[in-house]
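Here the sequence shown is numbered in the working numbering, starting from 1 and rising by one per residue.
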Amino acid sequence: MSSAAVQPAARLAGLPASFFFGLNQTIARLKAAGTDVIRMDMGSPDLPPAPFIVDRLKQALDNPSAHGYMPMAGTPPYKAAWAEFYGRRFGVELDAGTEVMGLIGSKSGVFNLAVAYVNPGEVVLIPDPGYSTYTAGAIFAGGECVYMPLTPANHFLPDFAAIPAAVWQRTKLMWLNYPNNPTGAVAPLELFAEAVALARHHGFLLAHDAPYTEITYDGYQAPSLLQIPGAKDVGVEFHSLSKTANMAGWRLGVMVGNPQAVAVMQTLQSVGEGGQFQPSLAAAQAALTGDQTWLVARNETYRERRDLVVSGVRAAGLHTETPSAAIYVWVQLPPGVDDAAYANHLLEAVGVSVTPGWIFGQAGRGYVRLSLGTPTDRVREAMTRWQAWAKPH
Ligand SMILES: Cc1ncc(COP(=O)(O)O)c(C=O)c1O
């Protein structure tokens, strides 16, 4: 038997194909043909972390004992730094020893949570549109994905009352994500309180994915799920320095909250992953506990881009809300317009790359998502091209 005949495990068949793999190929073709492509598709910050964070990494690299294996789930100082951050930012007290675990990027924890908790046939409640790793983890675990539509009519918040009793009975895990990717929506604390009460009542694990709480505009402050009294009894929260401190490539995530869930996830992590690199953990500590004032100017840069995009797409004849957090603008296309075709035409015609809404789920159809992690002059240029293209369109 040749190796080409070896079939991958059946469980992989249900996983969604990576949209960005195909997009990267299309963009490579366009670039090779001379098109100047402006990427507003991926949510990767273009700006670097503050110099004091990078300096801390450089300094830590010189320590000869910094290169060995590190403890699973983060060093005590890394976990203590997250606990300090939660105390300062949200007034949430965390035991760094039992209620905080380091993750190699929050994505790995988001995926593994379903692997750790969901049995075949159990329900995972997932926002639609939503970050695709919620679905991938649930499918991998053999769970049943039940989607909670996020619509403009509900301010992109799930309607818990619409979920049938039979679904609640089989629910093992619920995902929430605010500030939200891809809609840019934010949630009031009342939504979290309702979700905590439901988790307690129906006996499921509540997971809040919160990587965008530190990117907010116009005075808005995003809350943590753990601000709800008793949330730790039923819930965990994921956070990350990827967007918080422009450190997406560094893979510095965290899961905080319910101590049993932390213990379970640490066990899973210990069999398939390793600890993180000590110098990057040292730099992360600096990012979390050092001077935070640089984030004001960083957020102001995103705010300027947000305003350029919101006014730009409106001038192109499309509808969008003005998001008060996160790095995305969620743009509604005219009725009947296919988002995949629209995004593809925009890319092929004027070299502006946006993400079609379908990749975030059925309720994303008819939308495109723009990321603000693109230099401001390029955002301006993208809007000029888009408007010129939209005119005769
Ligand atoms: C909603 C959401 N959750 C999790 C992640 C993963 O972030 P990390 O870089 O920490 O893995 C992202 C990244 O884009 C995201 O948008």
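The C-beta atom is built at its ideal place from N, Cα and C for all residues, glycine as well.
Can you name, in chain order, every residue of its own chain whose Cβ lies under 7 Å from the Cβ of residue 393, other than the five neighbours on each side? By one-based count along the sequence shown, residue 393 stands at place 393. Because the pLDDT at residue 393 is just 48, under 50, the model does not fix this residue reliably, and the point stays unresolved.
Measure the C-alpha to C-alpha separation of residue 381 and residue 43 and round it to an integer number of angstroms. Here residue 381 is taken as the residue at index 381 of the sequence shown, counted from 1. Here residue 43 is taken as the residue at index 43 of the sequence shown, counted from 1. Answer to the nearest angstrom: the Cα atoms are 19 Å apart.
Whose beta carbon lies closer than 6 Å to any heavy atom of ligand 1, going through the chain in order? Those residues are 43, 105, 106, 107, 110, 131, 177, 181, 209, 211, 240, 242, 248, 253, given in chain order.
What is the C-beta distance between residue 72 and residue 270, in whole angstroms, given that I count them as a contact (C-beta under 8 Å)? Residue 72 sits at position 72 when you count from the first residue of the sequence shown. Residue 270 sits at position 270 when you count from the first residue of the sequence shown. Contact flag correct, Cβ pair sits at about 5 Å.
Assigned exposure category for residue 377 - 16 Cβ within 10 Å defines buried: The count along the sequence shown starts at 1 and reaches residue 377 at position 377. Exposed: under 16 other Cβ atoms inside 10 Å.
Cα-Cα separation, residue 383 to residue 366: For the purposes of this step, residue 383 is taken as the residue at position 383 of the sequence shown. For the purposes of this step, residue 366 is taken as the residue at position 366 of the sequence shown. Going by the C-alpha atoms only, they are around 19 Å apart.
Quick check on residue 394: buried or exposed, where buried means 16 or more other Cβ atoms within 10 Å of its Cβ? Residue coverage of the chain in this structure runs from 1 to 393, which leaves residue 394 outside it and unanswerable.
Whole-angstrom C-beta distance between residue 351 and residue 36, which should lie under 8 Å: To locate residue 36, count along the sequence shown from 1; it is residue 36. To locate residue 351, count along the sequence shown from 1; it is residue 351. The pair is a contact, with the Cβ atoms about 6 Å apart (cut-off 8 Å).
Less than 7 Å between the beta carbons of residue 128 and residue 361, yes or no? Indexing the sequence shown from 1 puts residue 128 at position 128. Indexing the sequence shown from 1 puts residue 361 at position 361. With a cutoff of 7 Å on beta-carbon distance, residue 128 and residue 361 are scored as near each other.
Do you know offhand how far residue 309's Cα is from residue 329's? Locating residue 309 in the sequence shown gives position 309, where the first residue counts as 1. Locating residue 329 in the sequence shown gives position 329, where the first residue counts as 1. Answer to the nearest angstrom: the Cα atoms are 7 Å apart.
Keeping to the same chain, check which residues put their C-beta closer than 8 Å to that of residue 300; ignore five residues upstream and five downstream. The count along the sequence shown starts at 1 and reaches residue 300 at position 300. The same chain holds no residue with a CB closer than 8 Å to that of residue 300 once the five nearest residues on each side in sequence are set aside.
Would you be able to state if there are at least three C-beta pairs under 8 Å between the region 258–270 and the region 25–36? At 8 Å Cβ cutoff, the stretches do not touch.
Does DSSP classify residue 155 as helix, strand or coil? Start at 1 with the first residue of the sequence shown, and residue 155 comes out as number 155. Here residue 155 carries a coil assignment [DSSP, helix/strand/coil].
Integer Cβ distance of residue 245 from residue 53, believed to fall under 8 Å: The residue you call residue 245 lines up with position 245 of the sequence shown. The residue you call residue 53 lines up with position 53 of the sequence shown. The pair is a contact, with the Cβ atoms about 7 Å apart (cut-off 8 Å).
Enumerate in chain order the residues of its own chain whose CB-to-CB distance from residue 228 is below 6 Å, with the five nearest sequence positions on each side excluded. Translated into positions along the sequence shown, residue 228 becomes position 228. Closer than 6 Å at Cβ, skipping near neighbours: 192, 193, 196.
Under 7 Å between the Cβ atoms of residue 390 and residue 317? The count along the sequence shown starts at 1 and reaches residue 390 at position 390. The count along the sequence shown starts at 1 and reaches residue 317 at position 317. Against a cut-off of 7 Å, the Cβ pair of residue 317 and residue 390 comes out as a contact.
List the residues that DSSP assigns as beta-bridge partners of residue 319. Working through the sequence shown from its first residue, we reach residue 319 at position 319. DSSP output for residue 319 lists 332 as bridge partner(s).
Based on DSSP bridge pairs, tell me the residues matched to residue 144. Taking the sequence shown and counting its residues from 1, one reaches residue 144 at position 144. Note: residue 144 sits in a beta bridge opposite 123.
Would you call the CB atoms of residue 324 and residue 100 closer than 7 Å? Taking the sequence shown and counting its residues from 1, one reaches residue 324 at position 324. Taking the sequence shown and counting its residues from 1, one reaches residue 100 at position 100. It is not a contact, given that the beta carbons lie outside the stated cut-off.
Decide if residue 346 is buried, meaning its Cβ has at least 16 other Cβ atoms within 10 Å, or exposed. Within the sequence shown, residue 346 is the residue found at index 346, counting from 1. Burial check for residue 346: the Cβ neighbour count within 10 Å reaches 16 or more, so the residue is buried.
Since I believe residue 254 is in contact with residue 102 (beta carbons under 8 Å), could you give me their beta-carbon distance rounded to a whole number of angstroms? Counting from 1 along the sequence shown, the entry for residue 102 is found at position 102. Counting from 1 along the sequence shown, the entry for residue 254 is found at position 254. The Cβ separation is near 6 Å, so the contact holds.
Look up residue 216 in the DSSP assignment and say whether it is helix, strand or coil. Your numbering for residue 216 matches position 216 in the sequence shown. DSSP places residue 216 in strand when its eight states are reduced to three.
Is the number of C-beta pairs between the region 199–219 and the region 170–182 that are closer than 8 Å three or more? A contact exists between the region 199–219 and the region 170–182.
Please confirm whether residue 146 and residue 118 have their CB atoms less than 7 Å apart. For the purposes of this step, residue 146 is identified with residue 146 of the sequence shown, where counting begins at 1. For the purposes of this step, residue 118 is identified with residue 118 of the sequence shown, where counting begins at 1. Contact: no.
Please determine, among 211, 109, 48, the residue with the shortest C-alpha to C-alpha distance to residue 272. The residue labelled residue 272 in the question sits at position 272 within the sequence shown. Comparing Cα-Cα distances from residue 272 to each of 211, 109, 48, the minimum goes to 109.
So the beta strand (DSSP E) residue 367 belongs to, where does it begin and stop? Your numbering for residue 367 matches position 367 in the sequence shown. DSSP places residue 367 inside the beta strand (DSSP E), whose first and last residues are 367–371.
Ordered along the chain, which non-local residues of its own chain (more than five positions away) have a Cβ less than 8 Å from that of residue 27? Against the sequence shown, residue 27 aligns to sequence position 27. Within the same chain, Cβ atoms closer than 8 Å to the Cβ of residue 27 are found at 37, 39, 347, 353, the five residues on either side in sequence being excluded.
So residue 280 is in the alpha helix (DSSP H); what residue range does that whole segment cover? Residue mapping note: residue 280 aligns to position 280 of the sequence shown, counting from 1. That run of the alpha helix (DSSP H) goes 278–289.
If we cut at 7 Å on Cβ distances, does residue 148 have a partner in chain C? This model lacks chain C altogether, as it is built from one protein chain only.
Is residue 196 helix, strand or coil by DSSP? Taking the first residue of the sequence shown as 1, we reach residue 196 at position 196. Residue 196 falls in the helix class under three-state DSSP.
Decide if residue 69 is buried, meaning its Cβ has at least 16 other Cβ atoms within 10 Å, or exposed. The residue given as residue 69 occupies position 69 in the sequence shown. With fewer than 16 other Cβ atoms within 10 Å, it is exposed.
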